[in-house]
Each structure stands twice: as structure tokens, then as C-alpha cells.
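Report on the structure given below.
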Amino acid sequence: MDLELSEDQKLFRNTTAKFLDNESPIEKVRALNKAGGGFPAEFWAQGAELGWAALLVPEELGGGSISGNGFQDLAIVAEEFGRLVSPGPLLPVNTVIAGLVEGAESGPDHSAEIEGLMSGESVATWAVYEPKGHWDPLNPTTTARKEGDNYVISGVKDRVEIGNEADFFFVTAKTETGVANFIVPSDLGSVVIEPVAALDFVRHFATVRFNEVTVPASAMVGTQETAPAIIERMFQVVVALQCAEMNGLINRVFEFTVQWAFDRYSFGRPLASYQALKHRFSDMRTWIECCNATADEAVKAVNNRAENSARLVSVAKAYIGTKAVQIIQDCIQMHGGLGVTWEHDCHLYLRRATTDRQLFGTPADHKRRIADLIGL
Amino acid sequence: MDLELSEDQKLFRNTTAKFLDNESPIEKVRALNKAGGGFPAEFWAQGAELGWAALLVPEELGGGSISGNGFQDLAIVAEEFGRLVSPGPLLPVNTVIAGLVEGAESGPDHSAEIEGLMSGESVATWAVYEPKGHWDPLNPTTTARKEGDNYVISGVKDRVEIGNEADFFFVTAKTETGVANFIVPSDLGSVVIEPVAALDFVRHFATVRFNEVTVPASAMVGTQETAPAIIERMFQVVVALQCAEMNGLINRVFEFTVQWAFDRYSFGRPLASYQALKHRFSDMRTWIECCNATADEAVKAVNNRAENSARLVSVAKAYIGTKAVQIIQDCIQMHGGLGVTWEHDCHLYLRRATTDRQLFGTPADHKRRIADLIGL
Amino acid sequence: MLVTNIAVTSEFGEFMSDQLESVEDFRIRARAWLSGNMPKLDPAKEYNTNRVADREWVEHRELQKKLFAGGFAGICFPKEYGGQGLTPAHQTAFTEESAPYEMPLRLNVPSLSICSGMLLDMGSEEQKQKYLRGAISGEMILCQFLSEPSGGSDLAGLLTRAQRDGDTYVINGQKCWSTFAYAADYATCLVRTDWDAPKHRGLSMIIVPVHDDASHLQRVRMSDGSDEFCEEFFTDLVVPAENLVGAENDGWTVGQRQLFYERQAVGGGSPYVSGRQATRGGSEVTVADVARAVGKDQDSATRELVGWQTALDTVMHQVVKRITIGMTSGEYPAMASSMMRLCHAEIPQNRMDIMLDLAGDEAVTSAEHGDGYLRNVGIQYLMRQGASLGGGSSEMSRNMVSERVLMMPREMAADRDVPFREVRRGR
Amino acid sequence: MLVTNIAVTSEFGEFMSDQLESVEDFRIRARAWLSGNMPKLDPAKEYNTNRVADREWVEHRELQKKLFAGGFAGICFPKEYGGQGLTPAHQTAFTEESAPYEMPLRLNVPSLSICSGMLLDMGSEEQKQKYLRGAISGEMILCQFLSEPSGGSDLAGLLTRAQRDGDTYVINGQKCWSTFAYAADYATCLVRTDWDAPKHRGLSMIIVPVHDDASHLQRVRMSDGSDEFCEEFFTDLVVPAENLVGAENDGWTVGQRQLFYERQAVGGGSPYVSGRQATRGGSEVTVADVARAVGKDQDSATRELVGWQTALDTVMHQVVKRITIGMTSGEYPAMASSMMRLCHAEIPQNRMDIMLDLAGDEAVTSAEHGDGYLRNVGIQYLMRQGASLGGGSSEMSRNMVSERVLMMPREMAADRDVPFREVRRGR
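Residue numbers (my numbering), protein chains in the order written: chain A, 1273 to 1648; chain B, 1273 to 1648; chain C, 95 to 521; chain D, 95 to 521.
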């Protein structure tokens, strides 16, 4: 939670929190899991009305934010998503929007796609991971072969969030001369989607096979020259959002665990009176303060396109990715056996935190990236 | 401390402890440091009389141990050395003896050298490390060139313990066809010894330059064929002794820190009554139990030349090297500011533990060696 | 005092060895019998997983009956209760010989090692004839009803009440964390019989039927989807007064004995455990397996992690062995087992952390190529704290080590020497 | 309440800004003056190390006198005591402009930021005229006499006694951990004046001369060989009663104020600190430096460690900034600074651990090629716990965070509300 939010932003946070509390309380998330996961289309449509997919869209396309700091506002939504382990394609849709906006100046016009996403009428996702591939988006094995005015895309992408629901994919592929990004509709016969199991309580992933999929040259986003910058922007956007979401998760888990420590008595004393536990709560509180601080700085840097944004984003992911799961596990410990039951909410938070931690670079990956970025 | 010592071994431990307590109490170690460190020749001569350099020597050369498990007995001495951060060349001398004994069957006769070391009349050390070289004894840059019946040794060795006091060096060098070990007297003009600074309170190290030093072929220990086995044996011996010594250090530091926790009052209560501290003492006590267990197993494996001795030695070094300094630092924390003063004994223990930890492979090096040994 | 039993058992072995079959003779006889009677382990068959639990509970009763009929059940239990009256050395030999065979492993804990061990020491002659013999013969499976939802680490603060009514007790309340209770027939149930005494002095241990119209049992689903634990609700459950183990209001003594056997069983030192788990049907993945599966095995950071976990796993075996020796020889107090307990939490948890780090993105979604086991890394990670919660929390173990091994002052307990009904209980 | 002071100071800045020189005008004036009067930093000169401490203490008194003569000393202190009556914004500007110059940095802590800050709030008019003006003008250096050997974290349990004798106090006892006391002239000394009151209510703060025939000062050598700390022994040290700060037996209130300024200074948020440490004369080695020096910088395990420490160092700056904002806005309680304190221990300690791992054998002996700095890794490691001991232990900080930020129940204190002479003190 940024301590320096404007009044507008505080209002926005409250509105978002209230909406999520009403429309997607934990009981609904549990019901959704029982029904197979995913997200209710209605819920996302309402979210889009609240502007969840408009914050990164330029004003000339009807987007924007009241505060003028769209990415900061989006991070507020992501944090609130974390507090209630909300369903919905907040991360993939906004990451795709960031890519489309980034490519708008140099490449073909995709304002229709942007508008569709912004309004909630369509959803899309970045198809970037590949089987047995670690995070290495500039070296895809998926290829885009130029044939006349078209490109033919072949390859397999996996770990594609909302792969099953997406109206189109934002596909990163290798061309003869470099790397490029393409918009690929999901309803083509040559696109085969296989849902896969996932750890998250509601988030869905899929493997997507592109079997010689022909798309027009106008499906390209930006150019081959700008592709690396587009990819870097999308990467920073999605990682910073993961960090904001993890912060929401740990702040909420910590809150209800502290409350539990006051309410739960053992040997006639509240847990909160035991020094060994108090000290662990102190450490957790301190680490959470650090998580909040570093997520805020990463979000600001992405918002302002600061020169050091890549480094600050990786610092945040390395730190929060490390601490978030530690904190949740220790909060589980504080709950005793109850904390590891299905009925307790802890595991919903741990599932989401683990998912955020592992995708788009583990803490170890980001530590190495920091070493690269400081020129070691 | 091995829980299954024989009565003979318990007696040997008590004798050793009593001797060290009388001849080398901490005040004497401090006085020695003030006087420049090293070890009093008299002290080592007395130790040799007690058999400190005889335990790895075969009976036919006048060595041996009452228990019949010479290396276990030697580890007892090393542990007692740790308890009082004793001075003296226990590790280098016995490592050299292990090498000489190992090479005896395959190579030239060095029984005179062994007898000299055993009696305490001479001391020797393994010159194996090289400047800017990590632990890689099979690839020395120091060379041994065959010239007629002689070898000419050229190169620089550093981190040589008791380099300044040694009567001869056990030098590992590269030959035209492999690697070999040689006995090189320290009083040759072509051997230049430069003492260097060291972290340990009394242990001395030196850089030793071999400037075209000519030695006869009979200076070789074992053969080129047996050299790798000799080096491996010496490595296991010295690392297992480091582990035993570190155990002595942490057991003693833990003892006086627990006593301090009972004696020291804060806010009208002994430190030992604070749960946060009690829990840390519990963890330390548990880790020390683990250290004792793994050192014992490593020592037994080296003693019995067990098939898995290399792995058990590296497990012990990785584990104890990691935990020993953690435990001592936390014990320092328990002492408050007093623990980081010169006058308090903590730093003497920390200096020795750090020295043992860092030489002959850091925990990280041994972790990698374990990965090698399990065939990853 | 608690240590004595093991020492006596092994001294007994030495004292009586002239009159007993020698271990080697026994081993040869066992080998022959096993080969003729017990089914061989089948590499294609899955063992000891959640998926096969229901099947195994049925099979293992039958296997135990076979052992009993063959004279190999309850090797360290006295003959008068259906055991073989032999020594731990015989049991070790039998366990070694049984390695290639299916064994009734599910009956080892808690039925034989914990509940039966306690009954042997604390039960009446009638109780031993009925329940101990029942458990050894395979006719009966026993479990423990100890923990309660309100209790956590504070076992003696339990709220389930038993009211004496003529020749019966009437029991009301709730128990939880009863491992495999659904498969058991009888439970040793710790209840409160005096609300005016301080908490430890108002408890009693009573044997109760697990399946009864007056009690409702349900399996508890854990965060990873497993459900070996149960919880039970009692509404005027009536049991005969003769089911009381030990004296009324002396249940804490009986419970301590049971907990001693639990620690012994968990620590791997129980003489009543027969057979050893050989395989979990391919689900046991090492850190090296994960490193190879993700193709990182030549990366130096990965190799350090694998080397470190290998070291820790080795140290765990070494320290269990050492502490067992220390306890057996009497050099260590019984509570030294709490140090094993701490290692059994810390080291597996470290393994899970390393696996998560290594598995990367494959821990949270199925990758196209995967056989699913990498996602098991993520699922297992959900139950990471199980290792420091099951059988008493690590926090309680740390109290034990500091207070009973290092003899540091005990934590202030606000309920000490207070009539139980006046103790504060929180929300 | 403790936070108020900062807020007031900055409000004062806003309220009065019409009448004050603007920050930009001030900056330009400062720039010109600095360039004409202060010595430039010399890359060849060593600064802020133990080796040059004695030289710097002499030089910095003179530099402070220069600042004072030029009208740039005590920028945020009131004019009536020799300060400039300006705002923290002016101080920040001055610090920025002073970056290329030598500054009297050693006087910042504790003399100006801690002792002078406390005196401004709690001292009598006469004390302020003498000691506060003395410190600002460079005529005098102040230090703190707080800790005692018996005390540790329990500051209020101190044993040094002051006995009123007519117009004087007679002081007997011992102090320790007085940072740079050897270079100071006067100390604010916390003593016990009533042994029958509970411990917090029998203390008084008295200004004492550091160098006096009735007191003996010696420098305390630390495990790494440094000796910035001192200890003092008082035998019938006589000081005038007018040296009492605040009321007799109200010394805890005065001491709390001083501790507030200490936390502020350590946390980096003091308005009374002028100038910033630019260099330590080449002795500040990063983990990346160590990695390169040992030739491991392309090793993946090493790169992860360096990346991690870089992240932690960044996070430390970020969290200090955030907590300062939270405290300034009043959203966080004053004790939130204890979280900074914990980070200031954990993160540098992690750095030392990583350096030790990377430096390998070169941390414990000088290698032939080395310039010695790798062995500094080993020497520094000896003082690793300094970071979690200096200025109150991390354990006390954890108590603070849990009790004052999370509002958890306070630790049982056996000396609460007990006449101090009856409190148990151990051996």
C-alpha cells in the first residue's frame, strides 16, 4: 500500500475493494473453484466498466485514469485482487494492452483490439512461454514464416493464462531476422487449445498449439525492430502487477493471522503474548513493510518509465517472491493444523502467491537478471 | 562428542583435556597472540609425547593408538583443541603424516621423516594451495621437472600453515605426466618463506616460493600413480579434523553462552527465561547435535576408510562449516555488546571457526563436491 | 523414567537370550515363512499413497492376520497377549527379511506402536486381552482421540467431557486430527472428568468405539487434497466404565505414556513397528530428480542446492541415530527426541523450498511435456508446514528442548494450578 | 507525541517561509560560501576510518568553527542558541551543496543530532546557552553516557548513582558503550537518584565533564581491533546541581527524548545532521567487488548471490524512505523506526555472510596477490553482530514492533513497580 496515494487514488482503492468484497468474496471464489475455476464473464464485464482494462489505454482511445498515473492505479486493483484472491484476467489482459499500446506507434493499427479489451467484450493473453523453456522470450522456438503478405506461425506455447477463454493470443515468435509479436485469433481451426492443471485455486492455464496458422502482416504488433522493447515493457508490466498482487495477499494473510493470535488462547494466554511468536510477527511485519516499499517503487518506475525500471522491477520480484511465500507459510504455522486444512483460506493465498512467484521469472531468475543489469 | 567412545577413549579425552587446560588455557592463548602468535615449541613437544603425532603412524614405526582407532583418537584431540582454541600444528603435521603413510607402500622410504614428526622433533605442513587458486590440488601450477636423478621444483604456494616454522614441506606439484608429491626441506636457499597475516588468533600462515629447488628422486612421496589417492586421503584427513575442531569450538561456546543466559538478568529475569531466546537456544542445541552426529560419522568413515568416506566428509564440512559460524554469531548476539569486545573470548572461537570453515573447501565447495559424488 | 522401558527391553534380550530362539535361527525361520506366505512387492503396484489408502486398509488387516497365524505378529509384545515375546533384535531381523514383501505397514502407527504400546503398560488385564490381543491378531485397529479444535498445542486444555453415570461414562465433545481414525475400530480417547481440578488433574483416558450412532466421524480435507485425518463429534456417547484406562482423573499420566510411544514411533525407534516402507509408488522425487527434469543439473547454483539438501538428508539420518543412542543409554533425557522432531521439520521443509526454487514455473502449471510430478512440487508445498505441525508443533518442541534438555525456566502458564473452569479461553 | 517535533519543524518551515530566505537563495549563497571557505575532498586522502579518527576529531572542530563563523552551523537550531533558525529543506540543500567538501561529519552524531537535539527540547535556558551553543559553535563536543555493563538492553536498570550533596551531585559508578567519548568534552549522563522508586522513576539526567580527575576513561577494543567505544569509571565525581537536565527523578523522560533523537539519527532522518559521508577512503567493498576479485563473477551461483544482495540493499533504502514518510505523516507510530533498525541489522549481516561465502579462503589469510582487502572480509565478519547490537539489540526492536506497532501484550517484566533495590540482578 503506497503511503502517498492521492485522494483520488484512495477513493479508487475503496471503490475497488468494496466492489470485490460484494461481487467476489472468498465464498464465491470457493464456489468458483468447485465449479471448475476460471472467471465469471459477468464479473469481468463489470470490472471493465470500472475501468480495470482502461488504465493503460491512452486517452485518445478512450482510456486513462483519474489520477493520471494509470499503472499505479492498475497496481491498486492488482493489490486488491490479492487481498481476496480474486478471479479474472487482470494480469493477462492488461499485459496484452501494454504490448499493443507499446507497438501502436511503430506498427499496424490495433485500436479495435484495444477497445474490445478495454470494454471487456474480449479478453486476450500473452502466449510467450514454451514447453521446457525457461523465461527467454527473445529466443522462441515458435516461428513466424513470411509467405507473401502473410505470416505462418508454427509452434507450441504453454503456461498460457486464460488460454481457454482468450479471444486472441499475443504470440511472440521467431522470424527469419529476429523476433516479432502477432495477434492470433483463438477461433482458427489451426489453433489447438489444451487446458492444463494449475496450482491456483481459480486461475486457468492452457497449452496452445499453433499448427501452421496463417495471419496477415497486419497482425504484427509494432515491428521486428521494436519487438524487444515491446516484450520488455510487457514483462515489466506483468511482473510489477504480480508484485502488487502478492503484496495484497500477504497484507491480508498477515492481518487475519495477527487477529487470530489475539483471539486464540493456549495455556490460558493469547498466542500474541508469547515472545517467540511476537518476534516472528515483528519480522514478518518488517518484511511486509519492505515488500510494500519495493513494490511501490517498482510500480512507480514502470508508471514513469524510469530509466532504472527494469532493475527496480526485478528487485521487487526477487524480494517479494522470496518473502511472500515465507510469510504465508509462517502465518500457516501460527494457525496450527487448522492452517493446512482445505477449509481454511490460507492455502488459497499460498496458491496464488506461489503462482505469482514462479511465473515470469522465479526470484532466482530475477537475481541473475539484477546481476546482468548492474553489469557484473 | 561421540556417544559411543570406549573407556580407553574417554580416558584419553580426559587426559588431553586436562593437559590442554593446564598448559594452554585461554589466558596463555591470549598471551601468545600478544607475543605474535604461532605455537610454543615446548608445548608441541609435550603434545607429541602424549601421542598427538603418533595416532596415524603404523605400529611398526612406533605409532598407533590404544583404542586401535587412531583417527578417531586424533579427532578427539582436534575437538579438545577446539574447546580451548589451542595453538600448535595438530592439523598440518598429522595431514603430512597421513600423506607419508599413504605413500609408504608405493614410493621411497620416509620413515625417518615420520619418526621425526611423531616425536615432535620436527614439524611439517602441506604446501598445496596456490595464489588466486581455489581448491584444485590435482592441477597445480607449481612444477616438478625431472633432471637426471633429481626433480627441480618451481612455483609459489600460499596459505601454508606454520609455513614459517616447518622443517619441511609436503609439496604437491605438476610433473610432465601428472601430479606428484615431494618432501622439500625448508632450509634450502631456494625456498623463500614470507609470513602473511591471518584471521586466526594464533595460527600462522605463509607464502612459500620454490625457486628452482632441486630435490632427489627419493624426495617423492608414493608415485605419480598413487599421488591422487594420497592427496584425497590427506584432504579427507584435514577436513575431518577441521570438522572435529569446529565441533569443539561450538560445544564450548554454547556451554558458556547457556551459562551466561542463566546468570545474566534483564528486567529482573534471567535471559534464559525469555521465550524468544529459549527457542534460539533450542535450535542451536539441535544444530549442535547434528554437527556432533555428522562429524562422528565422517571421522568414523575416515578411520575405517569406508567406501563413502569422501561423501561423509563433505557432508560434515558443508553442514558444520555452515552452522558453526551461525551458532557462534548467535551466541555473540546473546552476549550483547560484550560479545564483540576484544576482551571476550567469543572472537577467538569465531576466528578459529571461520578459518576452519574457509580453508580446504568452503561449505559451497563441498556442496558442489557432494553433487559430483552422487553423480549429478 | 520414560527411557527405562527401552533399556529394560534390551537388557531383557540379553538376560533371557539363552532361553530364546537365537536371532539368526529366527531370521532363517522367518525368511522361509515369509517366502511361503506373504505376497511379494510388485513394482507395478502403487503403495502408501492417498489414492490406495482405502484398498490397503482392507489388505493390511488380512496381512496382519497372516502374520498372527504364522507366529510373527507383535514380535516384541508378550506372548500372553498374542505377541511373540522376542527382542528388538528379532524385530530388526524380521523387518530386514520382510523387505521384499508386502507388509501390514498401515497398522504400525498408531495401532501397534502407539495405542498398543500404551495399553501394554497402562491397561488392565481385561483391556490387554481384548484390545492389545485384538490389535496384534489383526482383528482390530486402534487409533487415538487426543487433539481438539480449541486446543492446538495445549493438549491438556481439552474440553471433551465424560460424565460418570452408573457403570458407564457419557461422552460429549469434539476431537480432531485423529490420523486414519476412519479405518479404526476403537480409539483411546482423552476426556475431562473433573472441571474443578487444574487442567492436568481432571483428565481420564477411556477406550471408545470409533463407529457408533452417538458419534459422527468425518474426514478432514487438507490443503493438498489429502484426507487421512478425521474429526469426531460425540453426542451422549455411552461407554462402559470398565473402558477407563488407569485411574479416573489420572488420564494425563496415561496420555504422557501414549505420547512417549508417539515420539518413539515418529522418531523411528519403536520396537513395535514391523516392516519398513520401501516405496511410495514412484512419487518420491528427489531434488536431483527435479534438477534433471528441468534441465538445470549442470548449473552451479543448482548443484550447490542439490549438494546441500543431500547433506541435510544425510545429517538427518545421522542425528536420529545419535539421539536414539543417547536416549537408549540414558545419557539423554526422553525429551531429547524433540530435537529429532525439529530436524524432521526443518530438513524436509528445506527440501520443499529447494524443489520449489528448482522447479520454477513447472511447479504451478502442468507443462506440455510433464508427467505431472513437477506440479506435485507445488501441491506438496501447500502442506509444507505439516512437517512442523503434525504430532505437536515445532514451537512446543523448542519449549521442550529449552526447558527439559537445557533446563531453562518454564514458560509462564496462565492456567497452572487454576481450576479448569476458570481458565481463560479466548474467542 | 514523539513524532510531533518533526512535523512542527516542517510546518514551521511552511508557516514562516515568507519571512525566511528562500531555499534556492540560500543554496546559492551556501554554494558560494562553501567554495570560498571549506577544503575540497581529496581523493588521495583517507576519510572516516579508524586509522584517521584522531586526526579528524581535531580537524572537524576547526571545520565546525568555520561553519559557525560563516553562518552555516546548526541550520535547523534556533538563532538564540547559535543556530540559523532555518528549515530541514535548507539543511538538505546545504548538505547537497557541501558534497564536494570536507565537512565536520564526526560532530553530527551524537553531539549535534542526539545530545544537542535533546538539550534543545529538555535543557534549561542556561544549559542551552552553554552546551547547545557550545556544540553548534564548535567549541564543545557532547556525547552520551547511558549504557552500563550490567545493563545491556535494560537501560533503565542502570546502577550508577548520584547523591545530592548541597549544590552538587556526587557520582559513582560505571558507564560503557559511549561512542567517541574520548573525543568529547561533556556527556549527558543518566544516573540513579532514588533506589526506593521503581526503576524508571528513580533516574536523573546530569551533564558531566568527560575528562576529570574523579573519572577514568578508557577506550574499549572491539573484536576487529577498532576502538571507537569508551568506558568510564566514576569515583566521587562532583558536578554542580545546575547540571541536572529536567527534574530530579524524571531522567527517564529526558532519556526517552534522547533515544528518540538517536533513532532518528541512526535512521537517517535527523534535521540536525549536516553533510553526508561520501567515501570511506576506498574501504567500502561491494559483493560484486569480492566476486570479481576472486574471479567468480561469471559463476551462476555467485551471480545469484550478488543479485540478491543488490536487491536487499535497494530494499533497505526503499523501506527507510517509506517508514520515514509514514512517521512524518503520523500514519505510523514513532516505534515504527524499530523496523528500520531491524533492516539495518539483517541486510548488512546478510551482506557479510555473502562476502564470506564468496571470498573463500582469501577471507582468512592474505593471499600473495591480495591488497589485503579480502582479508578485511574476515575481520569485518568478526563484528557482524555489531549491526544487531549497537543502539539497542534487535531483540529489543522486535519487542517494540510487536508491542508498539502490532499492540501485542507486553513481556512480563519482573522489575515492574518494584522498588529498584529489591530487583533481582543475577550474578
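Don't be surprised by glycine CBs; every beta carbon is placed ideally from N, CA and C.
All values derive from a computational prediction rather than experimental measurement.
Report the residue from the options whose alpha carbon sits nearest the alpha carbon of residue i.
i: H154(C); options: H184(C), G176(C), L206(C) and E190(C); result: L206(C)
i: S1581(B); options: K1595(B), H1382(B), M1506(B) and E1331(B); result: M1506(B)
i: A1491(A); options: I1425(A), A1370(A), S1462(A) and T1367(A); result: I1425(A)
i: M1390(B); options: V1373(B), I1592(B), V1468(B) and G1379(B); result: V1373(B)
i: W1559(A); options: I235(D), Q371(D), E398(D) and V409(D); result: V409(D)
i: V1571(A); options: H1406(A), N1519(A), G1392(A) and W1407(A); result: N1519(A)
i: I1600(B); options: A1588(B), S1586(B), H1616(B) and V1585(B); result: H1616(B)
i: G211(D); options: W402(D), S364(D) and G486(D); result: S364(D)
i: T1449(A); options: A1438(A), D1421(A) and A1416(A); result: A1416(A)
How many Å lie between residue i and residue j at the Cα?
i: G1427(A); j: Y1537(A); result: 57 Å
i: A1289(B); j: G1323(B); result: 14 Å
i: K1429(A); j: S432(C); result: 49 Å
i: G1240(B); j: T1627(B); result: Because chain B spans 1273 through 1648 in this model, residue 1240(B) falls outside it and cannot be assessed.
i: L180(D); j: F162(D); result: 14 Å
i: Q257(D); j: V332(D); result: 9 Å
i: S1358(B); j: M490(D); result: 36 Å
i: R227(C); j: G176(C); result: 5 Å
i: G1388(A); j: L468(C); result: 37 Å
i: R1302(B); j: H1476(B); result: 15 Å
i: G1319(B); j: F1440(B); result: 19 Å
i: R1641(B); j: Q185(D); result: 56 Å
i: G1335(A); j: S1383(A); result: 11 Å
i: E342(D); j: L240(C); result: 59 Å
For chain C, find out if any of its Cβ atoms is closer than 9 Å to the Cβ of residue i; answer yes or no.
i: E1466(B); result: no
i: P1635(A); result: yes
i: A1528(B); result: Ala is not the amino acid found at residue 1528(B); the sequence shown has Phe there. For F1528(B), the answer is no, since every Cβ of chain C falls outside 9 Å of its Cβ.
i: W1252(A); result: Since the first residue of chain A shown is 1273 and the last is 1648, residue 1252(A) is not available in this structure.
i: I1338(B); result: no
Beta-carbon of residue i versus every beta-carbon of chain A: anything under 9 Å?
i: G389(D); result: no
i: S320(D); result: no
Any C-beta of chain B sitting closer than 9 Å to the C-beta of residue i?
i: L448(C); result: The question names Leu, but residue 448(C) is Ile in the sequence shown. It does not; no Cβ of chain B falls within 9 Å.
i: A66(C); result: Nothing can be reported for residue 66(C), as the shown portion of chain C is limited to 95 through 521.
i: S473(D); result: The residue you asked about is not Ser; residue 473(D) is Ile in the sequence shown. Yes, I473(D) lies at the interface with chain B (some Cβ there is under 9 Å from its Cβ).
Can you find a C-beta in chain D that's less than 9 Å from the C-beta of residue i?
i: F1539(B); result: yes
Assuming residue i and residue j make a contact with CB atoms under 8 Å, what is their CB distance in whole Å?
i: S482(D); j: S488(D); result: 4 Å
i: S368(C); j: N202(C); result: 7 Å
i: N337(C); j: V388(C); result: Wrong, their Cβ atoms sit about 55 Å apart, outside the cutoff.
i: R530(D); j: L1648(A); result: Because residue 530(D) is not part of the residues shown, which for chain D are 95 to 521, the question remains open.
Legend entry - Contact list for the stretch 397–417 of chain C against chain D, Cβ threshold 7 Å: The stretch 397–417 of chain C vs chain D, Cβ under 7 Å: E398.
Legend entry - Residues in the stretch 1546–1559 of chain A having any Cβ partner in chain D nearer than 8 Å: Within the stretch 1546–1559 of chain A, the qualifying residues are Q1547, K1550, H1551, F1553, S1554, D1555, R1557 and T1558.
Inset, instruction - Please list the residues of the stretch 476–500 of chain C that have a C-beta atom closer than 9 Å to any C-beta atom in chain A, keeping them in chain order. - result: From the stretch 476–500 of chain C, only L476, M477, R478, Q479, G480, S482, L483, G484, S487, S488, E489, R492 and N493 have a Cβ closer than 9 Å to chain A.
Inset, instruction - Below 8 Å between beta carbons is the criterion; list the residues of the stretch 1380–1408 of chain B that meet it against any residue of chain D, in chain order. - result: Here the close residues are Y1401, P1403, K1404, H1406 and W1407.
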